[in-house]
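If you're matching them up, the sequences are chains H and R in order.
Quick note on numbering: the first sequence equals residues 4 to 504 in this note's numbering.
Quick note on numbering: the second sequence equals residues 621 to 801 in this note's numbering.
Glycine included, C-beta positions come from ideal geometry on N, C-alpha and C.
Right, one structure below, let's go through it.
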Amino acid sequence: MSALQQLIDRGEAASDCRPWPRVAVDRTTWRKAADALGRGELVLLDLWAEPAAAHMALRDEADGLVAILSLACPRRTFPSVGRHHPPAIRLERTIHDLYGLEPEGAPDPRPWIDHGRWTERRPLGHPAPPGRAEPYRFLAAEGEGLHQVAVGPVHAGIIEPGHFRFSAAGETVVRVEQRLGYVHRGLEGRMAGATLDQAVRLAGRASGDSTVAYALAFSRAAEAALGVEAPARAVWLRALMAELERLANHLGDIGAICNDAAFALMLAHCGVLREAVLRASHAAFGHRLMMDKIAPGGVRGDLDESGEAAIRALVDLIGRRFPDLVALYDDTASLQDRTVGTGVVAAGLARQFAAGGYVGRAAGRAFDTRRNLPYAPYEALEFDVVARDSGDVNARVWVRIEEVRQSLALVGQILSRLPAGPIRADLPACAGEGMALVEGFRGDVLAWVRLDGGGAVSRARLRDPSWFQWPLLEAAIEGNIIADFPLCNKSFNCAYAGVDL
Amino acid sequence: MSMPKLLIEGLFRSPLTETAPAPEDADLAALAAAADAAARRRLGRSLSIRVVDAGSCNGCELELNALSNAVYDLERFGLRLVASPRHADVLVVTGPVTLNMREALERTYAAMPGPKWVVAVGDCAAMGGLFAGGYACAGGADSVLPLDLRIPGCPPTPTALLKGLLALFGSDPKGVRASTD
């Protein structure tokens, strides 16, 4: 019997969560789960909370089983998972900041997203008067001649805000520590009580570059909760949008990574192709980023002939131009000199953190939700999950290059097989609970939702893939020079708003 | 393809850059009138812009970045995105001004030399958007800084952004008003 099944058997069904079960467990079982995570027998998909309960979503890679374990926390504490499994540490710190639940024996008691500036503490649990904004205690790095460099939250370029604290010996980075939370808008709190319509708009703004992925994950979770399936045409149109979003982001990233290695030519060319994707998306769906086009029950707005023609022209354009750019990347030795061997993520870390997307796939972890936890219509589509082993910036560029090719092929397949029919299903007003995982351009996006039966959300949770990628950046930069940090950082392109929420 | 071949091809291909959009909005016209003519003379043909993300979902950043691609080519108008607030004339703010970013935003503004303008880009910065109120956000940019222009949209398109920014120069669509001295 699988490790996860044994844990499930020790608990009691807590709710009718679909398609994966949620079981109530006691503290002993919760600890056993944390132990199993620490031994690498299970994968942590997410760890989140409510005012008096903690939840962890787990996956057993041996048999593909997925389940949520829930622990009631009447005394506002729960046994720390991070103590046994480091990927849980930031999630626990967030739970503490938002809900006031104390992870017992946690290795890092510092706040994470509460900077002492909100109008109240523990805003989603048992609100208390605000604390004081105290200096953050960065981890120490000691040694002769070490110096610190503080970067952010306002950066030189147009990127999201976050703080990076470097400890360096000359040019060489000894330690970098991230501090995030600057773009915490209180999204999780706003989801509670929102109508489905409002909630999917909020989900679509968790991270703007992944608006399609988030709206899709949330909609699929809500549909699972309601026991509804979106009509076939809507399912295929959603996949079309998701692949267009992946194309736009990967093209932007390939250009931006090369630009951070001072190779602006690639940025110029990729920027033009990215713009073409956004224009085709606008022509097809009425919005350049396709915001608010996916909703529970289906999609808003059908694809007409001119929209289809715009996407076909786009596939043709990228198909003609992209091979030259790939050759340019491959043939430019000065560029390869910057990307090969830089910012290496060890395969063991990628596995331990269950890093998704190009970060994991460039370090040998060939996980892709579309293949490993498949959802329609991907079972009916042909594509390869491309992985590399070297774990460096170069590998992350190549995974993106291969995924551009795969997405182009997928868009072609979807257009040629797009079924006819309705694009929106009616939603019953019933209570329920559901979870979904979808593959965004960064990796697996998780959404969980509980509906109250009156058409509103009582609780919702969104988990960005970057939760399990950001910490690997800290490891990957060690021993590199500070000047290569922007390059490494761009090759990860982790979400800020998506994790800060 | 080799780099020289790609570069040579680029020389003979027709430009991708599109003509400038004309400002049309009443709001923008009002701003153009309000922008002090003397200050504009002093600034000559160029404006330097510093962008601060104060809680955006990054949608606005994607479109602001798109302004630098070959299609919109922001710099042909003398508009330049700069790294340091010390070099900036215009502060572009995105996001519902999270309380965790408020001080960084205020300090960025304080570091800019006058005369200076503040432009709120996107629904969140322009009016709080979906995230107005609550324990974590201050609200639109005008709750923290004196605001000169709003460019709404979720996110505003690059064309809408160009129209708005060009309005800072006045109604001339070329965005260029030669220095008169």
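Determine the contact status of V739 (chain R) and G784 (chain R), defining contact as a CB-CB distance below 8 Å.
-> Walking along the second sequence from the start, residue 739 (chain R) turns up at place 119. Walking along the second sequence from the start, residue 784 (chain R) turns up at place 164. Taking 8 Å as the Cβ cut-off, V739 (chain R) and G784 (chain R) qualify as a contacting pair.
Under 7 Å by beta carbon: chain H residues contacting Y755 (chain R) = The residue labelled residue 755 (chain R) in the question sits at position 135 within the second sequence. What Y755 (chain R) touches in chain H: W121, T122, E123, P126, G189.
Report yes if the CB atom of R182 (chain H) is closer than 8 Å to the CB atom of R168 (chain H), and no otherwise.
-> Walking along the first sequence from the start, residue 182 (chain H) turns up at place 179. Walking along the first sequence from the start, residue 168 (chain H) turns up at place 165. Yes; because the gap between Cβ atoms is below 8 Å, this pair is in contact.
Within the chosen definition, does the stretch 362–373 of chain H reach the stretch 332–340 of chain H through at least 3 CB pairs nearer than 8 Å?
-> no
Interface residues of chain H around A690 (chain R) at Cβ under 7 Å?
-> As a first step, residue 690 (chain R) must be located in the second sequence, where it is residue number 70. Here the neighbours are A271, G274, V275.
Answer yes or no: does any C-beta atom of chain R fall closer than 8 Å to that of S222 (chain H)?
-> Counting from one through the first sequence, the residue named residue 222 (chain H) turns up at place 219. Taking Cβ atoms only, chain R never reaches closer than 8 Å to S222 (chain H), which makes this a no.
Simplified DSSP state of C774 (chain R), which is helix, strand or coil = One-based indexing of the second sequence puts residue 774 (chain R) at position 154. If DSSP states are grouped into helix, strand and coil, C774 (chain R) belongs with coil.
Enumerate, from N- to C-terminal direction, the unbroken alpha helix (DSSP H) stretches of 4 or more residues contained entirely within the stretch 181–214 of chain H.
-> 190–194, 199–206
Does E638 (chain R) come within less than 8 Å of chain H when only Cβ atoms are used?
-> For this step, residue 638 (chain R) is matched to residue 18 along the second sequence. False, the Cβ-Cβ gap to chain H never drops below 8 Å.
Hey, does A724 (chain R) have any beta-carbon neighbour from chain H nearer than 8 Å?
-> For the purposes of this step, residue 724 (chain R) is identified with residue 104 of the second sequence, where counting begins at 1. So yes, A724 (chain R) belongs to the interface.
Beta-carbon contacts of V402 (chain H) that lie in its chain and below 8 Å, excluding the five residues immediately before and after | In the first sequence, counting from the first residue as 1, residue 402 (chain H) sits at position 399. Y361, R364, A365, V389, A390, R391.
What did DSSP end up calling S791 (chain R) once you bin it into helix, strand or coil?
-> For the purposes of this step, residue 791 (chain R) is taken as residue 171 along the second sequence, with counting starting at 1. With a pLDDT of only 42 at S791 (chain R), under 50, the local geometry of the prediction cannot be trusted, and the value read off the model is given with reservation. Reduced to three states, the DSSP call for S791 (chain R) is coil.
What is the rounded straight-line gap between the Cα of M747 (chain R) and the Cα of A206 (chain H)?
-> Your numbering for residue 747 (chain R) matches position 127 in the second sequence. Your numbering for residue 206 (chain H) matches position 203 in the first sequence. One C-alpha to the other measures close to 19 Å.
8 Å contact criterion, which E246 (chain H) and V414 (chain H) should meet: CB distance rounded = In the first sequence, residue 246 (chain H) corresponds to position 243, counting from 1. In the first sequence, residue 414 (chain H) corresponds to position 411, counting from 1. Right, their Cβ atoms sit about 5 Å apart.
Compare the beta carbon distance of M244 (chain H) and I257 (chain H) with 8 Å and say whether it is the shorter of the two.
-> By 1-based counting over the first sequence, the position of residue 244 (chain H) is 241. By 1-based counting over the first sequence, the position of residue 257 (chain H) is 254. No.
Return the residues of the stretch 151–163 of chain H that lie within a Cβ-Cβ distance of less than 9 Å from chain R, sorted by chain order.
-> G155, P156, V157, H158, A159, G160, I161, I162, E163
Assign A798 (chain R) to buried or exposed, taking buried as 16 or more other Cβ atoms, counted over all protein chains shown, within 10 Å of its Cβ.
-> For this step, residue 798 (chain R) is matched to residue 178 along the second sequence. Summary for A798 (chain R): the model assigns pLDDT 29, below 50, so the residue's position carries little reliability, and this model does not support an answer.
To which residues of the same chain is N252 (chain H) closer than 7 Å at the C-beta, ignoring the five residues directly before and after it?
-> One-based indexing of the first sequence puts residue 252 (chain H) at position 249. Only D212, F444 meet the Cβ criterion.
Under a CB-based cut-off of 8 Å, is S170 (chain H) close to chain R?
-> Position 167 of the first sequence, counted from the start, is the residue given in the question as residue 170 (chain H). Cβ-Cβ to chain R under 8 Å: no for S170 (chain H).
DSSP bridge partner residues for I297 (chain H) (one or two, in chain order) = Here residue 297 (chain H) refers to the residue found at position 294 when the first sequence is read from its first residue. H:V302.
Could you give the distance in angstroms between the alpha-carbon of E174 (chain H) and the alpha-carbon of A242 (chain H)?
-> To locate residue 174 (chain H), count along the first sequence from 1; it is residue 171. To locate residue 242 (chain H), count along the first sequence from 1; it is residue 239. Near 45 Å, if we compare the C-alpha coordinates of A242 (chain H) and E174 (chain H).
Near E442 (chain H), what residues of its chain come up, given a Cβ to Cβ distance below 7 Å and the 5 sequence neighbours on each side ignored?
-> Here residue 442 (chain H) is taken as the residue at index 439 of the first sequence, counted from 1. Closer than 7 Å at the Cβ level, and outside the excluded window around E442 (chain H), lie D371, T372, R373.
Is the Cβ-Cβ distance between G718 (chain R) and C774 (chain R) less than 8 Å?
-> Counted from its first residue, the second sequence places residue 718 (chain R) at position 98. Counted from its first residue, the second sequence places residue 774 (chain R) at position 154. For the record, residue 718 (chain R) in the displayed sequence is Thr; it is not Gly. The answer is no: Cβ separation not under 8 Å.
Enumerate in chain order the residues of its own chain whose CB-to-CB distance from A450 (chain H) is below 6 Å, with the five nearest sequence positions on each side excluded.
-> Counted from its first residue, the first sequence places residue 450 (chain H) at position 447. Cβ within range, chain order: A220, F221, A224, A439, L465.
What is the C-beta distance between P90 (chain H) and F471 (chain H), in whole angstroms, given that I count them as a contact (C-beta under 8 Å)?
-> One-based indexing of the first sequence puts residue 90 (chain H) at position 87. One-based indexing of the first sequence puts residue 471 (chain H) at position 468. Their Cβ separation, rounded to whole angstroms, is 6 Å, which keeps P90 (chain H) and F471 (chain H) in contact under 8 Å.
Kindly list, in the order they appear in chain R, the residues whose Cβ is closer than 7 Å to that of T335 (chain H).
-> Residue 335 (chain H) sits at position 332 when you count from the first residue of the first sequence. Under the 7 Å cutoff, chain R gives M623.
Listed by chain order, chain H residues near G675 (chain R) by CB distance under 9 Å = Taking the second sequence and counting its residues from 1, one reaches residue 675 (chain R) at position 55. By Cβ distance, chain H contributes P164, Y185, V186, H187, R188, A500, D503.
Start-to-end residues for the beta strand (DSSP E) that takes in I628 (chain R) | As a position in the second sequence, residue 628 (chain R) is number 8, starting the count at 1. Counting along the chain, I628 (chain R) falls outside any beta strand (DSSP E), though it belongs to the alpha helix (DSSP H) covering 623–632.
CB-CB length for P164 (chain H) against D673 (chain R), believed under 8 Å | Against the first sequence, residue 164 (chain H) aligns to sequence position 161. Against the second sequence, residue 673 (chain R) aligns to sequence position 53. Indeed, because the Cβ distance is near 5 Å, the residues count as touching under 8 Å.
Which residues, in order along the stretch 736–752 of chain R, keep a beta-carbon less than 7 Å from a beta-carbon of chain H?
-> L750, F751
Consider the Cβ of M438 (chain H): report whether some Cβ of chain R lies at a distance smaller than 8 Å.
-> As a working note, residue 438 (chain H) is residue 435 in the first sequence. No, its Cβ sits nowhere closer than 8 Å to a Cβ of chain R.
Check whether the Cβ of R291 (chain H) lies closer than 8 Å to any Cβ atom in chain R.
-> In the first sequence, the residue the question calls residue 291 (chain H) occupies position 288. Taking Cβ atoms only, chain R reaches closer than 8 Å to R291 (chain H), which makes this a yes.
Out of H:R208, H:A235, H:L199, H:D319, which has the shortest C-alpha to C-alpha gap to L229 (chain H)?
-> Walking along the first sequence from the start, residue 229 (chain H) turns up at place 226. Measuring from the Cα of L229 (chain H), the nearest candidate turns out to be H:L199.
Please classify E695 (chain R): does DSSP put it in a helix, a strand, or coil?
-> On the second sequence, position 75 is the one that residue 695 (chain R) refers to. Correct three-state label for E695 (chain R): helix.
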